[in-house]
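Asks: First the structure, which I've put down as C-alpha cells, then a few questions once you've had a look.
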Amino acid sequence: MDISRTSDVWWKNAIFYCLDVETFQDGNGDGVGDFVGLTRRLDHLDRLGVSCIWLMPFYPSPNQDDGYDITDYYAIDPRLGTMGEFVEFLRAANDRGMRVIADLVVNHTSREHPWFQSSRSDPSSPYRDWYVWRDEKPEEDASSLVFPGEEESSWTWDAKAGKYYLHRFYSHQPDLNVEHGAVRDEIRRIVGFWLQLGLSGFRVDAVPFLLEQMSTDDKGFAPHRWLRDLRAFINRRSGDAVLLGEVNLDYPDVRRFFGDEDGDELHMCLDFNLNQAMALAIARGDSGPLVHGLRHMPELAEDDGWAHFLRNHDEWSLDKLTEAERQEVFAVFGPDPEMQLFGRGLRRRMPTMLGGDEARLRMAYALMASMPGAPVIFYGEEIGMAENLEIPGRLAVRAPMQWENAPNGGFSSASADQLHRPVVSDPKYAPAKVNAADQQDDAGSFFHFMERLLRRRRECPEISFGRHSVLPMTEAEVFAIRHDWDDRTLIAIVNLGAEARTVTCALPDGAALGKPRPILGDGEVSLKKGQLTVELEGYGLRWIRFEG
Ligand code: TEU
C-alpha cells in the first residue's frame, strides 16, 4: 500500500462538501449569503473533516435558475462579494487544508449573457455560431425534456434572430455550441482563469448535454476527444486539478465519460446509479438493490473514482428505477404530490423522509460512506437539516443554513422578510431545534456522529483505493461490504432494518487478517474459526478494520 498515492490522487479519498454561498452565511446583513460570511464559517467545515469544498455557481446571474444561468464567467456575483473576498476565502480554506472546486456551467449561458444578446441580434456577429440556431423547429421526443411540466420544448423561437435556439434546460438558458471552436477556446480560458486563481478543479454541470453533438455535418468535432483534451489541459495548468462530472446516465454510459479503459476524461463522476439503489434499499429495508447496483458498477482506471451522495441540491431523482420501484419509494418517502417533482424525484431532505428517526439517519450516511468512492455532503446534512416545501421546486432543499438558535438561524442579521430565501419553519426542524452550535456542544449529537463518520472515512483510503466485494449475508436487511487494499482490510456492515440482530459471515482468511478492530458503531464483534459475528442494533452500523 502506497499511502502517498492518497495525496497525489487526492480526489479519490476526499470528503466533498457542496454549498451555495448565497444560503450559507450572510456577512453584511443584506439577507444574502456571501464570501465574507462563508469565510467566517470555515472552522465548521474544518471541524467536520471536509477536505474539498464544492461551490455552487457564484458568478453574475439574473438568478432565474439559482445561478446556473450565468452572464459573466470571469466575475463574482456582486451580491456575494468581490474577487478580492473570493481570493481571501480561498486562502483561508487552503490554510485549513481544504481545497475548493466550483461548478462549471458551460452547457448553456443565461439568455441575458452578452454573447447570446449579440448572437441573436446580428447575423454577422462573431457570436452568431456560439449558440445552436435552427430555421425550423426540429422534431423532438417529449421524453427528452429535462423539466417536464415547466418547459414544453427544448427549442424556443427568438423573434430577433428569426430562428429557434436550443435549450436543454429552461428557455432562459440557451445551449452553447461546443462544436464551434471559439466556444471551446473560451471554455479553456474560463477553466484556466479559475485554476490560476487557485481552484482545485470543477464540478462539471450536465456533461452529457454539454458533449451533445447537434450538427449533422461532422466538422471533425469528436466530443470525447475534446473532453480528453480538456482534462489534459487542466492538468498541464494545474497538475492536481480534478473534473467531477454530473453524468446522470446508466453505468455503461457513465464509463464512457471517464474515458473507458484509458480513464483519461473525467476524473470522477457523481454516482447516480448507486444513489438510486440506496434510495430503494433504504425505503425497503432490503440490501438487494445495493448488491444489484454494485454488481453493475463498472471498473475504473486507477486514478479515477466515484463520488457518492445521498441527497444533492436537486430533486432526489429516481429516474433510473422502474415505474413500480419509483412509486414504492414515493409511497415511503414522499406520498404527497407536493413532495414530488417532474414525476421522477423528491424535493425533500433525508431527516424528514426518514420520519426524524436519527438511528436510521446515521445508518443511511454510514451506508453511503461505505461505498467504493468519495462521499459528498450537501450543506446542512451534517446537522440533519430539513427542507422547506414552501420554497418552490428544486429550491426546497436549498433553505438557509441553520447555525444557531437565533433569529434566521444565525444565517443573517437582516429581518426575516429580507432574506433571500426563508428559513425552515416546521417547529420540529426549525433552527431552535436543529442548529450547528447546539450540536457542536453536544457529544451525542448527529453532528458529532457525522464528524466521526467522515474522519473515519478519511482514515480508510482502502474504501476508495482498494477492491471491494459484497459479503453474502443470510439476512436480506443486512448489507456487508469488504474493502481490501494491500495489507488493509475494512468490513462495513449496516442493518437496514429496524430490528436488532446478531449476524455472522464467513471470513475464511480471517486468521490471516489479524485482530478485528471496530472503529465505528456499537455492539460486540468477534472472529472465531473464520466466522465474523457482529451484534447490530436496529439500523445499527459497524466498521471493522484489520491491519495485517
Ligand atoms: O442539473 C442537471 C439536470 O437537471 C439533469 O442532469 C437531471 O438530473 C437529469 O436530466 C434528470 O434526472 C444541473 C444542476 O444540478 C441543476 O441545479 C441546474 O438547474 C441544471 O444543471 C441546469 O444548469
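The opening residue of the sequence shown carries number 2 in my numbering; numbering runs sequentially from there. We treat Cβ as the ideally placed atom computed from N, Cα and C, and that holds for glycine. Quick caveat: nothing in here was measured; it's all calculated off a predicted structure.
Just verifying my parser: in three-state terms, what is the DSSP assignment at Gly394?
Replies: helix
Asks: Under 8 Å Cβ to Cβ from Phe148, same chain only, skipping five residues before and after it: list those, please.
Replies: Phe170, Tyr171, Phe343
Asks: So what's Lys161 in DSSP terms, helix, strand or just coil?
Replies: coil
Asks: Going by DSSP in three states, Asn249 sits in which element: helix, strand or coil?
Replies: coil
Asks: Take Ile188 and list the residues in its own chain whose beta-carbon comes closer than 6 Å to its own, dropping the five residues that flank it on each side.
Replies: Val107
Asks: Alpha carbon to alpha carbon, how far is Arg226 from Leu491?
Replies: 38 Å
Asks: Does DSSP put Met279 in a helix, in a strand, or in coil?
Replies: helix
Asks: What is the DSSP secondary structure of Arg112, reduced to helix, strand or coil?
Replies: DSSP places Arg112 in the coil class of the three-state scheme, outside both helix and strand.
Asks: CB-CB under 7 Å to Leu301, same chain, minus the five flanking residues each way: which ones, in chain order?
Replies: Phe259, Gly264
Asks: Straight-line CA distance for Gln403 to Glu388?
Replies: 12 Å
Asks: Would Met369 and His309 be called neighbours here (beta carbons separated by less than 9 Å)?
Replies: Yes. Within cutoff.
Asks: Could you tell me which of Ala280, Gln532, Tyr165, Val292 sits nearest to Trp317, measuring between CA atoms?
Replies: Relative to the Cα of Trp317, the nearest Cα in the group Ala280, Gln532, Tyr165, Val292 belongs to Ala280.
Asks: Quick check on Thr110: buried or exposed, where buried means 16 or more other Cβ atoms within 10 Å of its Cβ?
Replies: Counting Cβ neighbours within 10 Å, Thr110 comes out buried, since at least 16 surround it.
Asks: Taking just the CA atoms, how far does Arg238 sit from Lys161?
Replies: Lys161 and Arg238 have their C-alpha atoms roughly 40 Å apart.
Asks: Rounded to the nearest angstrom, what separates Tyr551 and Asp488 at their Cα positions?
Replies: Because residue 551 is not part of the residues shown, which for the chain are 2 to 549, the question remains open.
Asks: Since I believe Asp35 is in contact with Leu91 (beta carbons under 8 Å), could you give me their beta-carbon distance rounded to a whole number of angstroms?
Replies: With a Cβ gap of about 14 Å, Leu91 and Asp35 do not count as contacting.
Asks: Among the residues of its own chain, which have a CB less than 8 Å from the CB of Gln197, if the five just before and after it don't count?
Replies: Arg238
Asks: Along the chain, where does the beta strand (DSSP E) that runs through Asp104 open and close?
Replies: Asp104: member of the beta strand (DSSP E) spanning 100 to 105, first to last residue.
Asks: Please report how far the alpha carbon of Gly50 lies from the alpha carbon of Ile545, in whole angstroms.
Replies: 20 Å
Asks: How do the segment 230 to 237 and the segment 120 to 133 stand: do at least 3 beta-carbon pairs fall below 8 Å, yes or no?
Replies: The segment 230 to 237 is not in contact with the segment 120 to 133.
Asks: Thinking just about the alpha-carbon of each residue, which of Met84, Arg256, Arg456 is nearest to the one in Arg48?
Replies: Arg456
Asks: For the ligand TEU, any of its heavy atoms closer than 8 Å to the Cβ of Tyr165?
Replies: no
Asks: Roughly how many angstroms lie between the CA atoms of Val526 and Gly498, to the nearest whole one?
Replies: 19 Å
Asks: Name the DSSP beta bridge partners of Thr505, please?
Replies: Thr534
Asks: Kindly examine the ligand TEU and report whether one of its heavy atoms sits closer than 8 Å to the Cβ of His564.
Replies: One cannot answer for residue 564 here, as it falls past the ends of the chain, which runs 2 to 549.
Asks: Would you say the beta carbon of Asp206 is closer than 8 Å to some non-hydrogen atom of the ligand TEU?
Replies: Flag set: Cβ of Asp206 near the ligand TEU.
Asks: Considering only residues of the segment 183 to 233, which uninterrupted alpha helix (DSSP H) runs meet the minimum length of 4 residues and lie entirely inside it, listed in chain order?
Replies: 208 to 211
Asks: Does the segment 463 to 481 touch the segment 432 to 442, meaning 3 or more C-beta pairs lie closer than 8 Å?
Replies: no
Asks: What residue from Gly32, Lys13, Ser5 has the CA that sits closest to Asp418's CA?
Replies: Gly32
Asks: Here's a check: name, in chain order, each residue in its chain whose Cβ is nearer than 6 Å to the Cβ of Leu212, leaving out the five neighbours to either side.
Replies: The beta carbon of Leu212 lies closer than 6 Å to those of Pro224 in the same chain, with the five residues before and after it left out.
Asks: Gly346: beta carbon under 8 Å from a heavy atom of the ligand TEU?
Replies: yes
Asks: For the alpha helix (DSSP H) holding Ile464, just list the boundary residues, first then last.
Replies: From DSSP, the alpha helix (DSSP H) with Ile464 extends over 463 to 466.
Asks: Taking 9 Å as the CB-CB limit, is Asp123 close to chain C?
Replies: Considering every chain present, this structure includes no chain C. It has just one protein chain.
Asks: Does the ligand TEU have a heavy atom nearer than 8 Å to the CB of Gln174?
Replies: yes
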